[in-house]
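For the protein sequence lines, the chains are A and B, in the order given. Under my numbering, the first residue of the first sequence is numbered 1, with each subsequent residue one higher. Under my numbering, the first residue of the second sequence is numbered 1001, with each subsequent residue one higher. Here the structure comes first, spelled out in structure tokens, and everything after it is commentary.
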Amino acid sequence: MDLKQIYSSIIMEHSNNSEHKHELEHATHNERGHNPSCGDDIQLHLNIDGDIIKEAAFTGHGCAISQASTSLLCELIEGKTIEEARLACQKFIGMITGDEDDMDELEDILGDAVALQNISVMPQRVKCAVLAWHTLSDMLEK
Amino acid sequence: MRDVLETLNNPPYDVQKIREDFDFLKVGESPTIYLDNGATTQRPRQVLERVSEYYKSENANPLRGTYHLAAASTEAYEQARKRVAKFINARTKQEIIFTRNASEALNLVAYSYGFEHLEEGDEVLITRMEHHSNSVPWQFVCQKTGAKLVYAELDGDFQLDMDDFASKLSEKTKIVSFTGTSNVLSSEPDVKKISEMAHSVGAIAICDGAQMVPHHKVDVQDLGCDFLALSGHKMYAPFGIGVLYGKRDILQHMQPFMYGGEMIEYVQDFSASYAPLPYKFEAGTQNVGGAVGLHAAIDYVEAIGFDKISAYEQALGEYCAIKLRELGTCNVFHPTKGPRGAAVAFNVCGVHPHDVASILDYKHVAIRAGHHCAQQLHRGLDIESSCRASFGIYNTKEEIDAFIDGINFVRETMGLTK
């Protein structure tokens, strides 16, 4: 495996300079996601209007993988319906666990977030990648 | 630095010959540079062969059968106990209780001694740098008994602050439980002095020796602690075997920790009397394979000699800390003064420890990243987590140099260099 496939430019960019890493003044929903074993600790902030996620942002800290994954999630779901966001969570987690491998479909639904697909070759880092998506999933269940 | 280099360039024992005994260090085209010995060590061929030999020709359930194999198994098990007793200079082998690991040993004391002796108003004094296995059991026992858990803090150089420790010790203190060597900072509290201080207020002294015993000659009679816990797998023995040493007069008055086979004397319908020491504390079929492996591991390290091992490993730790500080890109959590051992905790500025470990892994360097089962310590240092390189008898200066190059590669990968 080439390390550049994991720490790719898109992941490093989202990890270091995320446009979505900030508090959200008009947040309607907030949820904490935490990996106790490694200390990744994020807060997702959403502004949901009716059925539409108008704004998505996050705060907190963690490794490059968890930060990039959270940023990519925020970018993806802004403007999406709750149902679309739910489907994205399901597809993303499936992609990481290896249960989803239809690349065309994954790219359609997940956009840039498919850059994290190679994490599946590093089992000890999978939980970093899926943290935000599980957090969003829990949020949308409530 | 000159002394350190002198020791590493002219090791007090033949490190290359030792490396030959560890097949793990030769596996694959690019063998792993294994710097996670604080988590678990590798095992030399002598230990693996002894365990294999036991299972091939001596295996039966110990302490029970009446045929010759059962006697052979019992003999192997009891010889291991005797060897451990001699190794740490216990007064008698009755003071040696086999457990799964140091965690189980500490839980045994927490349950069997703590529950019986603590009540509301009492205090249990531990330190900021305890492994969870020496803090969480005490949290539980304190919650159940109403006793108070008290922390002795660190000084500015990552050593136990003895003034703070002294100020928190009082007539209320019934138990002092402390590490002999921090698994993160590798600072080495003065076990003898702490034990004396504990006794001066009538408390018992429990030493978590998991990170101390693999690196130092330990004499429990000289140290004076009432209990000592150790893990075999951190000192070149198999997983699943550990030891609780306890003073006989204290152990004799303690209730069993686990109940069942072979720990009894007579069993009535509604009550039982218990076996004498040490069997009272060893319920169920025991890990004889692990015990004979521990026996072989003790033989192995003592043949090298602990004076030599300590000197060499301390030089490895010091060299690593110096090189990391020289980089100027890391925060190093390692004492600069006082007794310290063969583990160095650090963070690469601007890089999460898990990214550091993953990228080093790509260069075949294995280190630990996370909170190292010491969340209270990390909170005290005001960090979430850290990286740790920890050394054993087979590590070399060249491996540390490769690790340091790896840190530069980490920064490059993360886009932190020009």
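Glycine is no exception: its CB is placed at the ideal position from the N, C-alpha and C atoms. Computed from a predicted model, the values in this text were never measured in an experiment.
Going by CA-CA distance only, name the one from the options that's closest to residue i.
i                             : options                                       : result
tyrosine 1055 of chain B      : B:Lys1193, B:Tyr1077 and B:Ser1231            : B:Tyr1077
leucine 1008 of chain B       : B:Glu1398, B:Asp1405 and B:Ala1402            : B:Glu1398
glutamine 1286 of chain B     : B:Gly1038, B:Arg1100 and B:Gly1028            : B:Arg1100
leucine 1035 of chain B       : B:Ala1357, B:Glu1116, B:Gln1375 and B:Ser1385 : B:Ala1357
alanine 1283 of chain B       : B:Tyr1274, B:Phe1024 and B:Val1084            : B:Tyr1274
alanine 56 of chain A         : A:Gly79, A:Phe92 and A:Gly111                 : A:Gly79
glycine 1261 of chain B       : B:Asn1061, B:Phe1158, B:His1216 and B:Ile1393 : B:Asn1061
leucine 1160 of chain B       : B:Pro1335, B:Leu1005 and B:Arg1411            : B:Pro1335
proline 1011 of chain B       : B:Gly1146, B:Ile1097, B:Pro1276 and B:Tyr1312 : B:Tyr1312
phenylalanine 1165 of chain B : B:Met1197, B:Val1184 and B:Lys1174            : B:Met1197
Checking contacts by CB at 9 Å: is residue i closer than that to chain B?
i                         : result
glutamine 43 of chain A   : no
asparagine 16 of chain A  : yes
isoleucine 96 of chain A  : no
glutamine 90 of chain A   : no
leucine 3 of chain A      : yes
cysteine 38 of chain A    : yes
methionine 12 of chain A  : yes
methionine 139 of chain A : no
arginine 32 of chain A    : no
isoleucine 6 of chain A   : yes
histidine 134 of chain A  : no
arginine 125 of chain A   : yes
alanine 64 of chain A     : yes
methionine 122 of chain A : yes
Taking the continuous alpha helix (DSSP H) assigned at residue i, which residues delimit it?
i                          : result
serine 1103 of chain B     : 1102-1109
serine 1390 of chain B     : First-last for serine 1390 of chain B: 1386-1390, but that is the beta strand (DSSP E), not the alpha helix (DSSP H).
asparagine 1009 of chain B : 1002-1009
aspartate 1163 of chain B  : 1162-1168
threonine 1413 of chain B  : 1397-1413
valine 1015 of chain B     : 1015-1020
isoleucine 1383 of chain B : That residue, isoleucine 1383 of chain B, is in no alpha helix (DSSP H); it is neither H nor E in DSSP.
The beta strand (DSSP E) that contains residue i, what's its start and end?
i                         : result
glutamate 55 of chain A   : 52-61
asparagine 35 of chain A  : 29-35
tyrosine 1300 of chain B  : That residue, tyrosine 1300 of chain B, is in no beta strand (DSSP E); its alpha helix (DSSP H) goes 1288-1304.
threonine 1173 of chain B : 1173-1179
serine 8 of chain A       : Note, serine 8 of chain A: premise wrong, no beta strand (DSSP E); not H, not E.
cysteine 1330 of chain B  : 1330-1333
glutamate 1265 of chain B : 1264-1267
May I ask you to check if the CB of residue i is nearer than 8 Å to at least one heavy atom of the ligand ADP?
i                       : result
glycine 1415 of chain B : No copy of the ligand ADP appears in this structure; indeed no ligand is present at all.
Can you tell me whether residue i is helix, strand or coil according to DSSP?
i                          : result
aspartate 1226 of chain B  : coil
glutamine 990 of chain B   : Only positions 1001 to 1418 of chain B appear in the structure, and residue 990 of chain B is not among them; the question remains open.
histidine 45 of chain A    : strand
tyrosine 1274 of chain B   : strand
glycine 1338 of chain B    : coil
tyrosine 1067 of chain B   : coil
leucine 73 of chain A      : helix
threonine 1285 of chain B  : coil
leucine 1048 of chain B    : helix
isoleucine 1393 of chain B : coil
leucine 136 of chain A     : helix
asparagine 1347 of chain B : strand
glutamate 19 of chain A    : coil
threonine 188 of chain A   : For chain A, the structure presents residues 1 to 142; residue 188 of chain A sits outside this window and is missing.
aspartate 1219 of chain B  : coil
valine 1141 of chain B     : helix
tyrosine 1236 of chain B   : coil
aspartate 104 of chain A   : helix
cysteine 1373 of chain B   : coil
leucine 87 of chain A      : helix
Using a Cβ-Cβ distance under 9 Å, would residue i count as near chain A?
i                          : result
glycine 1380 of chain B    : no
glycine 1038 of chain B    : no
histidine 1354 of chain B  : yes
valine 1351 of chain B     : yes
methionine 1129 of chain B : no
isoleucine 1359 of chain B : yes
serine 1385 of chain B     : yes
histidine 1371 of chain B  : yes
tyrosine 1362 of chain B   : yes
methionine 1414 of chain B : yes
In the DSSP output, what is residue i paired with across the bridge?
i                          : result
isoleucine 1359 of chain B : Answer is none; isoleucine 1359 of chain B lacks a bridge partner.
threonine 1127 of chain B  : B:Ala1152
isoleucine 1309 of chain B : Bridge partners of isoleucine 1309 of chain B: none, in fact.
tyrosine 1034 of chain B   : B:Ala1366
lysine 1192 of chain B     : For lysine 1192 of chain B, which the question treats as bridged, DSSP gives no partner whatsoever.
serine 1187 of chain B     : B:Arg1340
leucine 1244 of chain B    : B:Ile1097 and B:Ala1229
cysteine 1207 of chain B   : B:Phe1178 and B:Leu1228
aspartate 40 of chain A    : A:Asn35
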